[in-house]
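Residue numbers (our numbering), protein chains in the order written: chain A, 86 to 374; chain B, 6 to 245; chain C, 332 to 670.
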Amino acid sequence: MLWSLYGNVLVQGVLTGLVYGLMALGLSVIFGVVRVVNFAHGEFAVVAMYAAFVLFRSFGLDPFLSMLPIAAAFFVIGYGLQRTLINPFVSRPEHEQFILLVGLAIIMVNGTLMIFGPDARSANLPYSFDSWEIGPIILDKVRVYAAIAALAVAALLFAFFRFTSTGVAIRACADNLVGAAVVGLNVKQLYALTFGLGLACVGAAGALMVTLTDATPMIAPAFTLLAFTIVIIGGMGSMAGAIVGGLLIGIAEAMASVVIAPSMKTMVSFGLLVLVLALRPQGLLGRRA
Amino acid sequence: MTTLLDVRGATKRFRGLTAVDNVSLSVSEGEIFAVIGPNGAGKTTLFNLIAGVMKPDAGSITFDGAPSAGVPPHELCRRGLARTFQIVRPFPELTVMENATIGAMMRAADMDAARAHAGEVLRRLDLWDRRDARAKSLTLPDRKRLECARALATEPRLLLLDEVMAGLRPTEVDRIVAILKDINREGVTILLIEHVMRATMALAGRIHVLHHGATIAEGTPDEVTRHPKVLESYLGAEAL
Amino acid sequence: MNPFTLLARLVDEAPRRALVLLAVLVAVLLVAPVALDRYLLSVFFLIFWFATVGQAWNVMMGLCGQLSLGHALYVGLGGYVGAVLWVKFGISPAIAIVPAVLVAMAFGAAIGWLGFRFGIEGVYFALLTIAFAEVTRIGFDNWSYVGGAAGFFIPVTAGGGSAINLRGGPLLFYYVALALMVAAFVICAALRRSRLGHAWLAVREDPEAARALGINVFRAKMAAVIVSSAMTAVAGVVYAFYQSNLFPSQSFDIARSIEMILAPIIGGLGTLFGPILGAFILTPLGQTLIALVEKIAGRAIPGVNLVFYGAALMVMIWFAPNGIWPWLKKKLGIPEERS
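Rendered as structure tokens:
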């Protein structure tokens with residue numbers, strides 16, 4: 086009986102962790118290439134959640150479909166942001182980049198608060214309580230869909246960086262900026278594309294997140310922290326690290342809320358974070374600087 | 006003469022590349038000693054070993070009679086070993102006076118004494134007039150002298166200079182050579198790592214030549230410039 | 332050096348015009364309450380309070396270059412220790428300030444040790460500070476002895492409702508906070524000129540070069556986080572008694588941590604007048620905005636002042652990353668601060 090409980094918790098952790106991973110992937114890609122930490126990451130996730138919520142409530146558009154236009158819109162927003170706001174800050178000191186993005190984050194979270202109010206909103210999909218049973222394991226339909234969708238988006242991004250010439254050029258920028266500029270790559274353009282892709286990830290992840298949990302503006306800083314924790318655990322700038330970190334945190338949080346207490350799940354992920362920072366500061370899959 | 010710095014068989018490898026290969030040298034109290042060699046000869050690595058930034062993989066380094074390999078830089082500074090950086094690193098947002106004061110405060114009884122001592126050092130390095138300027142606004146020669154001033158303000162027994170002449174015009178090199186000679190006359194031992202030959206010849210009593218991480222010669226400037234291996238590997242292309 | 336000679340020294344060597352400015356400001360603020368109503372007194376309390384904690388945070392970031400985003404932690408800890416000792420044991424906050432400061436210093440030292448010993452820097456260190464504040468928040472949420480998530484309350488007139496026990500009206504808190512602001516300024520001015528202050532500046536500018544000049548970088552950073560957390564905890568005790576209530580979700584909130592760092596950033600990082608100037612600009616603007624929106628919309632809209640703060644931050648960092656004070660200083664003809 087106990088083992089089937091743990092089994093279920095584990096599966097749930099893995100499925101949620103993949104969505105976390107997708108969100109963190111966006112942060113990691115942006116950091117790995119543009120070298121800017123997107124301190125407004127969780128805020129973007131929350132805005133995407135509200136976008137998916139509104140699209141569902143007003144037009145009945147299923148979040149698993151609306152994630153596509155939302156990701157596309159976020160790509161455009163990210164591209165524009167990098168071109169206008171962020172690019173002048175790329176070579177500025179770290180704390181100045183941070184302040185710029187914190188300013189943006191504060192506006193986003195409180196703007197959402199002003200529009201939607203502080204109450205939690207839930208999408209209530211018609212099939213949100215459907216599930217499959219495989220032996221003792223119960224699979225929530227939405228969680229499975231969300232995990233598959235997250236994996237698919239992540240796989241697309243991997244393929245883009247591996248097989249397209251633009252993706253390879255972006256990786257060249259990340260490895261050797263001067264070299265990339267010397268061989269004539271348009272670094273500004275590639276940075277903007279990367280920021281766009283990073284936000285597309287978080288846009289898709291936000292849309293998926295609305296199927297798993299309620300949307301409230303105040304959850305944004307927690308998402309930023311979550312994405313950050315995952316990326317540091319997995320290794321800053323490592324794409325695979327973000328997914329692995331997401332899985333790890335997803336499992337750890339699910340386990341902690343059952344084994345210890347629901348309120349302790351954040352404690353457990355921060356405990357993991359502190360451990361990683363102390364023992365392996367470059368992260369599990371990160372390269373030593 | 007007593008030995009102030011003694012390097013015995015120092016070796017440092019980076020991923021299979023031996024940057025410093027079994028180098029031994031000893032610097033006596035009161036002399037000006039130079040280490041020269043072409044780019045990539047391992048000078049900077051040797052410098053970092055002596056300055057406590059890196060630990061040698063093999064061999065020993067003794068400063069003032071006590072082992073110094075692996076001793077952290079701030080501890081070495083207390084023991085009387087001061088250094089400059091090849092790419093100068095003044096504190097950019099602070100004034101020239103503040104830069105020197107920070108160097109001076111380690112041995113000063115209080116901040117007034119530190120400021121007074123910093124003032125003396127600045128006068129001596131012709132920076133007194135610039136004392137209220139921010140370090141980032143200085144010209145390269147001024148910044149190089151500030152770097153020396155800051156190190157000198159710690160009242161070292163051994164001053165390690167990492168290519169302080171690089172990038173300076175001949176008149177500026179002459180100016181700094183005169184200052185260094187003056188400092189040496191007052192009892193500060195100097196170890197130079199240099200690329201600029203003219204200044205090295207004018208300053209150093211003894212020269213140690215590195216090539217591909219290993220010692221190829223050591224002696225007075227005259228002896229070194231006549232050494233066939235040195236001619237072949239280093240001077241050949243540049244000085245003749 | 333006794334405190335009076337130190338003070339005399341500061342007066343001697345600080346730029347004249349800056350001192351005149353400061354003296355006039357303090358004199359005006361001392362008599363100002365005769366013309367202020369309850370609401371304005373509370374606005375001024377907030378200005379002084381934010382100037383104080385801004386000054387404390389500035390020790391870490393402005394002087395030593397260590398970015399902390401979890402300073403609400405020390406406010407909350409100071410507040411809880413002071414409040415619990417008063418309500419449960421009848422210990423006056425005037426005394427409880429000592430354990431409050433010690434507890435905050437212990438947390439600061441733990442974060443500092445973990446961060447600096449393992450070479451965690453910049454954004455990573457900032458995240459560590461947030462993580463500690465979050466973990467502490469969760470801990471207090473679940474600690475029923477101090478009220479848990481439902482909060483902890485200080486009865487408005489418990490025991491002797493006297494000034495020494497921080498039980499009083501807005502006027503009392505006006506003067507207490509003014510004293511805090513002045514004290515924080517004097518402490519920071521003294522630190523800025525001290526050996527430790529110079530070590531901090533060196534570490535901020537270039538840790539590697541600082542090390543080569545005999546500065547123990549780890550120790551300097553530890554000193555910065557400890558001094559900063561201690562100063563913040565004092566302000567935390569006062570804030571708890573001003574509010575008369577404490578909730579973990581507010582006390583340790585990242586939003587508060589960020590609100591605390593706005594004034595020094597807007598005013599000028601690493602400057603002595605920056606945190607004060609920033610608080611005098613930001614707090615009234617924010618309060619005016621809240622009142623204005625309430626008038627226009629007919630109800631309070633939460634978040635309005637924060638949207639404004641966010642925009643102010645972005646505009647400031649875009650156009651004047653060094654803050655307003657360096658610019659204003661030039662306008663007023665005040666020379667650079669001599670070391």
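The beta-carbon is built from N, C-alpha and C at its ideal position, and this holds for glycine as well.
- Contact annotation for D368 (chain C) against chain B: no contact, minimum CB-CB distance about 43 Å [criterion: below 9 Å].
- By the neighbour-count definition (other C-beta atoms within 10 Å, threshold 16), A71 (chain B) is an exposed residue.
- The Cβ-Cβ distance between L459 (chain C) and G446 (chain C) falls below 8 Å.
- Assignment of H126 (chain A) by DSSP, reduced to helix, strand and coil, places it in the helix class.
- DSSP places S216 (chain A) within a strand segment (E or B) once states are collapsed to three.
- The residues I665, in chain order, have a CB closer than 6 Å to that of A349 (chain C) in the same chain once the five nearest residues on each side in sequence are set aside.
- Within chain B, no residue has its beta carbon less than 9 Å from that of R523 (chain C); the closest one is some 11 Å off.
- In the structure shown, F38 (chain B) falls within a strand segment according to DSSP collapsed to helix, strand and coil.
- Between R88 (chain B) and F68 (chain B), the C-beta spacing is not below 8 Å.
- In terms of beta-carbon proximity, V359 (chain A) lines the interface with chain C, with at least one pair separated by less than 8 Å.
- By the CB criterion at 8 Å, I222 (chain A) and V96 (chain A) fall inside the cutoff.
- Boundaries for I315 (chain A): no beta strand (DSSP E) harbours it, while the alpha helix (DSSP H) harbouring it runs A305 to G319, taken from the DSSP string.
- Runs of the alpha helix (DSSP H) spanning 4 or more residues and lying entirely within the stretch 547-620 of chain C occur at 548-574, 579-582 and 585-598, in chain order.
- Contact between the stretch 522-541 of chain C and the stretch 406-418 of chain C is absent: fewer than 3 CB-CB pairs across the two stretches fall below 8 Å.
- Put simply, of C:T619, C:A631, C:V556 and C:V568 the residue whose alpha carbon is nearest the alpha carbon of F456 (chain C) is C:V556.
- G291 (chain A) has its alpha-carbon roughly 17 Å from the corresponding atom of G145 (chain A).
- For G450 (chain C), the C-beta contacts it makes with chain A under 8 Å involve P366, in order along the chain.
- In the DSSP assignment, R13 (chain B) is bridged to B:S65.
- Residues of the stretch 195-208 of chain A with a Cβ closer than 9 Å to any Cβ of chain C, in chain order: N195, G196, T197, L198, M199, G202 and P203.
- Three or more Cβ pairs closer than 8 Å define a contact, and the stretch 146-156 of chain B meets that threshold against the stretch 122-130 of chain B.
- Under the Cβ distance rule, I92 (chain B) does not count among the residues neighbouring chain C, no pair being separated by less than 8 Å.
- Within its own chain, the residues whose Cβ lies closer than 6 Å to the Cβ of V235 (chain B), once the five positions on either side in sequence are excluded, are V214, A222 and V229, listed in chain order.
- The beta carbon of I589 (chain C) does not come within 8 Å of any beta carbon belonging to chain B, so the residue lies off that interface.
- Counting of Cβ neighbours within 10 angstroms places K60 (chain B) among the exposed residues, the total staying below 16.
- With distances taken between CA atoms, R20 (chain B) lies nearest to B:D62 out of B:L54, B:D62 and B:P43.
- Contact between the stretch 343-351 of chain A and the stretch 17-37 of chain B is not established, with fewer than three Cβ pairs separated by less than 8 Å.
- Cβ-Cβ distances below 7 Å link V201 (chain B) to M170, A171 and V178 in the same chain, with the five nearest sequence neighbours on each side left out; the list follows chain order.
- Below the 9 Å Cβ cutoff, chain C contributes E465, V466, I469 and G470 as neighbours of M352 (chain A), in chain order.
- The stretch 55-131 of chain B contains, as complete alpha helix (DSSP H) runs of 4+ residues, the segments 78-84, 101-109 and 116-129 (chain order).
- Chain order gives no chain A residues near Y405 (chain C), where near means a beta carbon separation below 7 Å; the closest approach is about 18 Å.
- In this structure, the straight-line span from the alpha carbon of F183 (chain A) to that of H126 (chain A) is close to 12 Å.
- Relative to the Cα of A494 (chain C), the nearest Cα in the group C:I428, C:L503 and C:A521 belongs to C:L503.
- Here the alpha carbon of I198 (chain B) sits roughly 45 Å from the alpha carbon of L170 (chain A).
- Shown here for L620 (chain C): same chain residues with a beta carbon closer than 8 Å to its own, the five before and five after excluded, namely V635, N636 and F639 in chain order.
- Nearest neighbour of N93 (chain A) by Cα position, chosen from A:A231, A:P148, A:A130 and A:W217, turns out to be A:W217.
- Bridge partners of H213 (chain B) according to DSSP: B:V40 and B:E223.
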